[in-house]
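Notes follow once the structure below has been shown.
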Amino acid sequence: MNVFRILGDISHLLAIIILLVKIWKSKSCAGISGKSQILFALVFTTRYLDLFTTFISIYNTVMKVIFLLCAYITVYMIYGKFRKTSDSENDSFRLEFLLVPVTGLSFLENHNFTALEILWTFSIYLESVAILPQLFMISKTGEAETITTHYLFFLGLYRALYIANWIWRYHTENFYDQIAVVSGVVQTIFYCDFFYLYVTKVLKGKKLSLP
Amino acid sequence: HALHVPHDEL
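So the sequence lines, in the order shown, correspond to chains H and Z.
Count the first sequence with the numbering used here and you get residues 384 to 594, in order.
Count the second sequence with the numbering used here and you get residues 4 to 13, in order.
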């Protein structure tokens, strides 16, 4: 465990908590893509099936359980408790455009042709595109609440820190996981445009709005 | 080379 990895995990956890607290305090999930949140719940579910088969560390187990719980609570807030406040009209990204290619690719390009391994691969590919419904929603409405942009910032920061973690691991342990690295780099690229807007607008006290 | 180890990352 290196410093990039731990900071990456903290950043990921912070992003998830920021989103949950925002929904809870405002009693509203306006501007949040429920579809992205469903995809993240699916990502954690398919990736963390190894909770039942492999023990890595207490840290690993606890974090996986927290991520799973938070993901399901978020989905419940959007589609259950605060359903009336959700922006389903603007959350119009077609999930099959992501799920079909991701499923196909996970069968074609994986480490082992076993159920657990294919599901793990599916989760890695799916995570790399899971934020797209959220970014699509922002581009459609042309704006995002500042707190939503903080959520996206920490989610993007987590991805960037994981890349630093992989560079570190490659040099110190001679370890790299090609599937994770390629998908991780693709995923981080999706955040670049957003990072630019975050730095030039949100950090200067302006609301994120698109021209 | 791409050595496959258990997935220890989150």
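All C-beta atoms in this analysis are idealised placements derived from N, C-alpha and C, irrespective of residue type, glycine included.
Just so you know, these numbers come straight off a predicted model, no measurement behind them.
Query raised in the report: Can you find a C-beta in chain Z that's less than 9 Å from the C-beta of D392/H?
Result: As a position in the first sequence, residue 392/H is number 9, starting the count at 1. Output row for D392/H: interface = yes.
Query raised in the report: Is K405/H close to chain Z, meaning its C-beta is less than 9 Å from at least one C-beta of that chain?
Result: As a first step, residue 405/H is located in the first sequence; it is residue number 22 there, counting from the start. It does not: the Cβ of K405/H has no partner Cβ on chain Z nearer than 9 Å.
**Report entry** Where the alpha helix (DSSP H) through N548/H begins and ends
**Finding:** By one-based count along the first sequence, residue 548/H stands at place 165. Run containing N548/H: 529-556, per the alpha helix (DSSP H) assignment.
Query - Test: H395/H CB closer than 9 Å to a CB of chain Z - result: Within the first sequence, the letter at position 12 stands for residue 395/H. It does; some Cβ of chain Z falls within 9 Å.
Query raised in the report: Residues in the region 425-439 of chain H with C-beta within 8 Å of chain Z's C-beta atoms, listed in sequence order?
Result: R430, D433, T437, I439
Query - Backbone secondary structure at E648/H - three-state DSSP - result: Any answer about residue 648/H is impossible in this case: the structure gives chain H only from 384 up to 594.
**Report entry** First and last residue of the uninterrupted alpha helix (DSSP H) at A563/H
**Finding:** Within the first sequence, the letter at position 180 stands for residue 563/H. Its alpha helix (DSSP H) spans residues 561-583.
Report task. Note down, in chain order, every chain Z residue with its Cβ under 7 Å from the Cβ of W503/H. Result -> In the first sequence, residue 503/H corresponds to position 120, counting from 1. In chain order: H10.
Report task. Starting from C453/H, trace the alpha helix (DSSP H) both ways and give me its first and last residue. Result -> Start at 1 with the first residue of the first sequence, and residue 453/H comes out as number 70. Where C453/H is concerned, the enclosing alpha helix (DSSP H) stretches over 441-459.
Query - Contacting positions in the region 439-462 of chain H - beta carbon closer than 9 Å to chain Z - result: I439, S440, N443, M446, K447, F450
Query raised in the report: In the DSSP assignment, what residue or residues form a beta bridge with S592/H?
Result: As a first step, residue 592/H is located in the first sequence; it is residue number 209 there, counting from the start. BP columns for S592/H point to E526/H.
Query raised in the report: Between the region 486-501 of chain H and the region 439-458 of chain H, are three or more C-beta pairs nearer than 8 Å?
Result: no
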